[in-house]
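Just so you know, we're using my numbering here: the sequence shown kicks off at 1 and counts up by one.
All C-beta atoms in this analysis are idealised placements derived from N, C-alpha and C, irrespective of residue type, glycine included.
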Amino acid sequence: MNYALYLPAFISGASLELLLFRKGEWDRRSGIIVKRYAILFYVALILMFVFGQSIRASVASTLRLQLAFLGGLYSAMACYRLFFHPLKSFPGPFGARLSIFWYLKESIPDMQMYVRLRELHKEQGDFIRIKPRELSICHPDAVVEVHGPQTKMLKGEFYDVNYPQHNLQMTRDPGYHHQKRRYWDKAFNTKALKSYEPRLKTHFTILMDIFSKHAASKETINASKTFMDYSFDVISDLTFGKPFNMLTTGEPHPIIKEFIEAKKIMGTALSLTWLFHILRSIPWVEYRMNEFIKWYKSELDDRSKASSPTQDFYTHLSQSETFEKDGPWDAQLAIFAGGDTVSTTLTNICYLLAEYPEYQERLNEDLNTLCRPDEELDDQTLSKSVLLGGIINEALRLYPPVPSGGQRLTPPEGIVIAGRYIPGNMNVITPAYSIQRDVRAFPQPDDFIPERWYSRPELILRKDAFFPFSYGHYNCAGKPLAMMELRMVIGMAVRKFKISFPLGKKRECRRYVEEQADCFVMHTQPLSLMFEDREGKRV
């Protein structure tokens with residue numbers, strides 16, 4: 001091979017970075033780029049062979065040529081990111097400035113980057129460059145300025161993971177989101193929630209019966225699995241008009257089982273969105289994802305043919321002009337956003353009640369003042385308990401379901417956030433786990449103090465720094481239902497049972513909160529809890 005070709009190859013790679021890749025967004029095109037690069041490699045290999053080299057020599061020459069090309073590409077990329085990038089003045093680990101692989105290295109294998117991020121902010125300040133084009137901003141002011149109703153910021157390229165398909169969450173088009181949000185809001189308004197109550201009470205009853213059986217048999221219960229079964233039964237019932245029956249059978253539905261098994265892998269890929277797009281372009285992965293969507297479509301088709309005695313999500317979402325096209329993607333969002341986050345939060349609350357049992361007794365007494373022991377609890381009654389509300393809020397503050405927060409893109413002209421100018425077209429995150437444990441917003445930030453939400457207001461300096469359901473236009477549409485479920489399940493459970501750790505297993509149970517993994521939403525480990533009914537029978 002003519003070694004004079006190496007320099008042009010190196011220059012070509014550097015030019016491609018300087019003139020093309022350094023501008024705009026490329027993550028969602030990564031699958032196409034990899035495929036075209038592979039074609040280029042094989043074309044070069046064939047040309048080497050045609051011009052008289054042996055197969056072995058052709059492979060060697062092509063590899064050297066490609067290495068020269070990539071060397072130029074990545075040399076130019078490193079030089080730009082380190083010395084000329086608009087974010088060059090912001091602090092952050094050297095590796096984070098250079099490559100997104102630093103973020104991956106810090107995340108695996110435990111997926112606890114949200115904990116590492118809090119440590120970094122304590123060490124290096126409110127603004128940290130965590131990826132070549134992304135900042136993490138840990139300041140109470142940032143919540144409103146990034147997510148508030150007056151913000152000029154849009155969703156970042158992370159929300160292209162379903163591209164070209166969309167749902168309410170995974171879209172970057174404000175107009176599309178606004179059009180879809182009208183129907184989602186109807187599905188979660190007060191009137192709709194009231195119509196869901198008969199179905200919800202059925203699932204509440206099944207759940208309490210399971211707790212009673214474990215109490216009578218003197219066995220521990222895997223709270224994380226039980227709440228997962230419960231929450232996915234509820235959300236499937238309200239989405240498809242029928243539950244998965246995970247609570248009654250004890251077996252996960254195949255679609256949920258595959259989701260849970262792949263959750264850490266998907267969480268890893270989502271931290272590198274270009275890697276996620278490459279993976280989804282692999283034929284087998286693409287086939288599996290299409291099969292999932294076909295399943296959702298089939299379930300929605302069945303629901304459309306069934307007569308439902310009460311309203312459900314389908315009643316409202318199917319009225320959208322785009323439902324015929326994106327209904328399966330909306331159903332997927334409803335199932336996983338509505339099931340996964342509720343189950344995690346319920347388990348976290350029960351963990352905290354076992355850790356601080358005095359709140360169980362106080363809550364039980366509080367509920368007895370609102371409703372006689374022989375009367376059935378309802379959400380209207382439970383919503384009057386400031387202690388119950390404080391317990392739920394404090395659990396959500398300490399353990400937000402989406403600990404790293406959502407990604408946003410600065411407007412082209414740039415923006416001032418928390419007093420500092422951020423250049424245009426840069427990604428930022430506001431890490432909920434870090435901000436909600438910031439002493440400037442919440443004194444004694446690592447302590448579980450439900451009173452801060454009702455009787456000790458001095459322990460909340462910045463209420464706008466509390467955003468477990470996000471904030472602004474893109475806040476969680478399902479928050480009203482989630483809060484209703486949390487109140488009902490915790491209220492009913494505490495009224496009937498005392499919750500505790502198995503004898504001598506408190507330290508082992510502590511691992512449950514210490515090992516929670518950030519897979520965009522939390523992924524939790526099993527948590528064994530003891531239940532004792534309030535008449536004295538103990539598990």
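Candidates S58, I255, T249 and Q66: which alpha carbon is nearest S12's? Nearest to S12 by C-alpha distance, out of S58, I255, T249 and Q66, is Q66.
Going by DSSP, what residues sit across from C79 in a beta bridge? Looking at the DSSP assignment, C79 forms no beta bridge with any residue, so it has no partner.
DSSP three-state label for V439, please. V439: coil per DSSP, three-state reduction.
Range covered by the beta strand (DSSP E) that runs through H523: Its beta strand (DSSP E) spans residues V521 to H523.
Keeping to the same chain, check which residues put their C-beta closer than 7 Å to that of F313; ignore five residues upstream and five downstream. Closer than 7 Å at the Cβ level, and outside the excluded window around F313, lie A187, L238, T239 and A334.
For the candidate residues W295, I429, G472 and K479, whose alpha-carbon lies nearest to that of T151? Selected option, being the one with the closest Cα: G472.
Which residues in the same chain as P411 place their Cβ atom closer than 7 Å to its Cβ, once the five residues preceding and following it in sequence are excluded? Excluding positions up to five away in sequence, the list reads K152, M153 and G424.
Residue nearest to S470 in terms of C-alpha spacing, selected from N162, P450, G389 and P401: Closest option to S470, Cα to Cα, is P401.
I need the DSSP call for Y163, collapsed to helix, strand or coil. Coil at Y163, not helix or strand.
Exposed or buried, what is Y37 when buried is set at 16 or more other beta-carbons lying within 10 Å of its beta-carbon? Burial call: exposed.
Do the region 288-307 and the region 263-271 make contact, defined as three or more Cβ pairs closer than 8 Å? Counting C-beta pairs closer than 8 Å gives fewer than three between the region 288-307 and the region 263-271, which falls short of the contact rule.
Closest to R534 by CA distance: which of A216, Y356, K479 and I221 is it? R534 has its Cα closest to that of A216, out of A216, Y356, K479 and I221.
Sorted by chain position, which residues of the same chain lie with C-beta nearer than 8 Å to K155's C-beta, five sequence neighbours on each side aside? Here K155 has T171, R172, G406, Q407, R408, L409 and Y474 as same chain residues with Cβ atoms under 8 Å from its own Cβ, once five neighbours each way along the sequence are excluded.
Since R511 is in the alpha helix (DSSP H), which residue starts that stretch and which ends it? Looking at the DSSP string, the run of the alpha helix (DSSP H) that includes R511 is K506 to E514.
Is the region 272-291 touching the region 30-49 in the sense that three or more CB pairs, one from each, lie closer than 8 Å? Touching, yes, given that three or more Cβ pairs across the two stretches are closer than 8 Å.
Can you grab the Cα-Cα spacing for the pair F204 / M488, in whole Å? As the crow flies, the alpha-carbon of F204 is around 8 Å from that of M488.
To the nearest angstrom, how far is the alpha carbon of F292 from that of I255? Approximately 8 Å, taken between the alpha carbons.
Span of the beta strand (DSSP E), counted from its first residue to its last, around F211: Annotation for F211: no beta strand (DSSP E) segment contains it, though the alpha helix (DSSP H) segment containing it runs T190 to S217.
On the criterion of 16 or more Cβ atoms from any shown chain inside 10 Å, does N427 qualify as buried, or is it exposed? Here N427 is buried: its Cβ has 16 or more other Cβ atoms, across all protein chains shown, within 10 Å.
Is there a C-beta anywhere in chain C that falls below 8 Å from the one on K218? Judged by its chain identifiers, the structure shown contains no chain C, having just a single protein chain.
Looking only at its own chain, which residues have a Cβ that is under 8 Å from the Cβ of A482, when we skip the five neighbours before and after it? Same-chain partners within the cutoff: G338, T341, V342, T345, F469 and C476.
For R538, does the three-state DSSP call read helix, strand or coil? Confidence at R538 is low in this model, with a pLDDT of 38, below 50, so the placement of that residue is unreliable and no value is reported for it.
Is it buried or exposed for N167, if we count other Cβ within 10 angstroms and need 16 for buried? A residue is called buried once 16 or more other Cβ atoms fall within 10 Å of its Cβ, and N167 is buried on that count.
I need the boundaries of the beta strand (DSSP E) containing Q245, first residue and last residue. Reading the sequence as shown, one finds Asn at residue 245 and not Gln. Segment: none, N245 is in no beta strand (DSSP E) and carries neither H nor E.
Would you mind reading off the limits of the beta strand (DSSP E) that contains E532? Counting along the chain, the beta strand (DSSP E) containing E532 begins and ends at S528 to D533.
Could you name the residues of the same chain whose beta carbon sits closer than 7 Å to that of I422, not counting the 5 residues immediately before and after it, in chain order? Contacts found: L135, T410, G414, I415 and V428.
Using DSSP bridges, identify the partner residues of A337. DSSP lists no partner for A337.
Would the beta-carbon of Y387 fall within 8 Å of that of L272? It is Leu, not Tyr, that sits at residue 387 in the sequence shown. For L387 and L272, no; Cβs fall outside 8 Å.
Just curious, the beta strand (DSSP E) that K498 is in, first and last residue? Residue range F497 to S500 is occupied by the beta strand (DSSP E) that includes K498.
Let's see if you can read the secondary structure: which residues bound the alpha helix (DSSP H) around F313? Counting along the chain, the alpha helix (DSSP H) containing F313 begins and ends at F313 to L317.
From the DSSP secondary-structure annotation, give me the bridge partner or partners of L154. For L154, which the question treats as bridged, DSSP gives the partners L409.
In terms of alpha-carbon separation, which member of E219, P450 and L200 lies closest to T310? Sorting E219, P450 and L200 by C-alpha distance to the C-alpha of T310 places L200 at the top.
Could you check the C-alpha separation between N222 and Q525 for me, to the nearest Å? In a straight line, the C-alpha of N222 is about 10 Å away from that of Q525.
First and last residue of the uninterrupted alpha helix (DSSP H) at S107: Judged by DSSP secondary structure, S107 falls within the alpha helix (DSSP H) whose first and last residues are F101 to S107.
Take L20 as the anchor and find which of F83, M77 and A395 has the nearest alpha-carbon. Among F83, M77 and A395, the Cα nearest to that of L20 is on M77.
Cα-Cα separation, S307 to L317: Looking at the two C-alpha atoms, the distance is approximately 16 Å.
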